[in-house]
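Right, one structure below, let's go through it.
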Amino acid sequence: MDTRFLESLLVVAETGSIAAAARQQGLTAAGVSQRIRVLEAQLGVGLLNRSAHAALPTEACLRLLPAARKLVGDAHDLSRHIDPSGLSGPFRLGAVSTCLLDYAPVVNRLFQEEAPKAELTFRPGTSAGLYQELLDGALDAIITVAAPFELPKSLKSTIIASQPVLHAQPPPAFNSDAAALPWIVYDRASWGGRKTWEVHGREVNQGRILCELDALETIALMVSQGMGQAYIPVWSRLADQFPDLSLSSKVVNSHRDMVFLRPHASGASALTSLVLKALQTQVA
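Note that the sequence shown covers residues 1366 to 1649 in our numbering.
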């Protein structure tokens, strides 16, 4: 059984779309579909429930996914053992969206310079979702908000940034009355939003909440267009994206810690160290 075909199945299962999986793997949709059909013939079961716009795992497929992830992971480890340096083979790095903006370019550049044989894949997602994928072995490492709970001993965490949480208001051109502006809330169910609410929730509750979402770029965009005010962590590229946004500090030491999470024991330790080197270079 070709583990590349299993890898295509895993990506389809994660994205819910053959087209999205094809884009992520650099293949055609027809090519991915053919791989899945070969697997279905070999295994004698249907693996996907297909519709016009989605491809979702069948119950049989869901039962197979843990074993498929292990097989693909073992195949990746074999390819790394061939290269004594460990700087080759696939590496799957998950990151929340603002960290992709801040760190993806510098990580990619260092991989091009020091690990040109490596196959680097970036996977966006929420902190909770990426964390689960790391535990499941679907990702080699993640850049995420610090977890609001104690991590298992199997994981290693390094703080790479402590981002101040500031009060964001529309640009001065809107001449907005802050007291009248509704609040756009950083989702309280998210890891970063939970801590932000603990510090600023009482003030926000005194006003009107317009909406709540776990999408910081969207929140910043809405505030920059005069739709409301918000408390948001300041990622490095925020000023580049929204140069006219008015930011101020109301609470001392209100912040969001960003961390690099990876397994203590990993077949991709050399590439993991390279990612950490890139992140620390960016911070420096």
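Think of the CB as a built atom: it goes at the ideal place given N, C-alpha and C, for glycine as much as any other residue. Predicted, not measured: the structure shown is a model, and the values here were computed from it.
Based on Cα-Cα distance, which residue from the options lies nearest to residue i?
i     : options                    : result
P1455 : T1491, A1493, A1503        : A1503
S1589 : A1630, Q1477, S1541, E1372 : S1541
R1567 : T1646, R1553, G1593        : R1553
L1485 : T1491, G1494, V1471, Q1497 : V1471
L1404 : A1384, L1392, C1426        : C1426
P1517 : L1374, L1499, I1524, Q1534 : L1499
P1489 : P1628, N1473, V1461        : V1461
C1464 : I1508, Q1645, T1561        : I1508
Q1647 : I1525, G1557, E1577, A1604 : I1525
A1440 : P1481, G1557, L1371        : L1371
G1557 : V1569, S1492, G1591        : S1492
K1642 : F1487, R1474, S1382        : R1474
P1513 : E1563, A1533, A1378        : E1563
Taking the C-alpha atoms as reference points, what is the distance between residue i and residue j?
i     : j     : result
W1548 : R1573 : 6 Å
Q1399 : A1417 : 17 Å
L1531 : G1391 : 39 Å
T1523 : R1415 : 41 Å
L1581 : I1401 : 36 Å
F1539 : S1611 : 11 Å
L1495 : R1627 : 11 Å
Q1571 : L1421 : 43 Å
A1543 : H1565 : 15 Å
D1609 : R1602 : 13 Å
G1396 : A1387 : 8 Å
L1458 : P1536 : 35 Å
T1380 : A1469 : 20 Å
A1419 : E1577 : 27 Å
R1559 : Q1497 : 18 Å
A1378 : P1481 : 28 Å
V1569 : A1604 : 24 Å
L1644 : F1487 : 14 Å
For residue i, which residues from the same chain have a beta carbon less than 8 Å from its beta carbon, with the 5 sequence-adjacent residues on both sides left out?
i     : result
K1360 : Nothing can be reported for residue 1360, as the shown portion of the chain is limited to 1366 through 1649.
Q1528 : P1598, V1599, W1600, H1620, R1621, D1622, M1623
S1634 : G1451
Q1606 : L1466, E1582, A1585
E1479 : L1452, L1639
A1384 : A1394
R1369 : R1400
L1412 : L1374, I1401, L1404, E1405, P1422, T1423, A1425, C1426, L1429
S1519 : P1628, H1629, A1630
K1521 : L1626, R1627, P1628, H1629
S1382 : H1418, A1419, A1420
Take residue i and list the residues in its own chain whose beta-carbon comes closer than 7 Å to its own, dropping the five residues that flank it on each side.
i     : result
A1483 : L1452, S1453, G1454, F1456, F1476, L1636
S1631 : D1505, T1637
G1593 : L1546, P1547, W1548, I1549, L1575, M1587
M1366 : Q1407
V1410 : A1425
L1591 : It is worth fixing the name first, because residue 1591 is Gly in this sequence and not Leu. P1535, F1539, S1541.
Helix, strand or coil for residue i, going by three-state DSSP, please let me know.
i     : result
T1486 : strand
P1513 : coil
H1620 : strand
V1530 : strand
K1521 : strand
N1570 : helix
F1456 : strand
N1473 : helix
L1641 : helix
Q1590 : coil
W1556 : helix
D1613 : The amino acid at residue 1613 is misidentified as Asp; the sequence shows Ser. Here S1613 sits in strand by DSSP.
L1636 : helix
L1371 : helix
V1377 : helix
R1651 : Residue coverage of the chain in this structure runs from 1366 to 1649, which leaves residue 1651 outside it and unanswerable.
Give every residue of the same chain whose Cβ lies closer than 6 Å to the Cβ of residue i, excluding the five residues on either side of it in the sequence, and list them in chain order.
i     : result
A1511 : D1622, V1624
T1561 : V1530, Y1551, Y1596
S1555 : D1579
E1515 : none
Q1389 : V1376
Compare the C-beta of residue i against all C-beta atoms of chain B and say whether one is closer than 8 Å.
i     : result
S1638 : Judged by its chain identifiers, the structure shown contains no chain B, having just a single protein chain.
When you compare the stretch 1423-1430 with the stretch 1608-1618, are there three or more beta-carbon pairs, one atom per stretch, that lie closer than 8 Å? no
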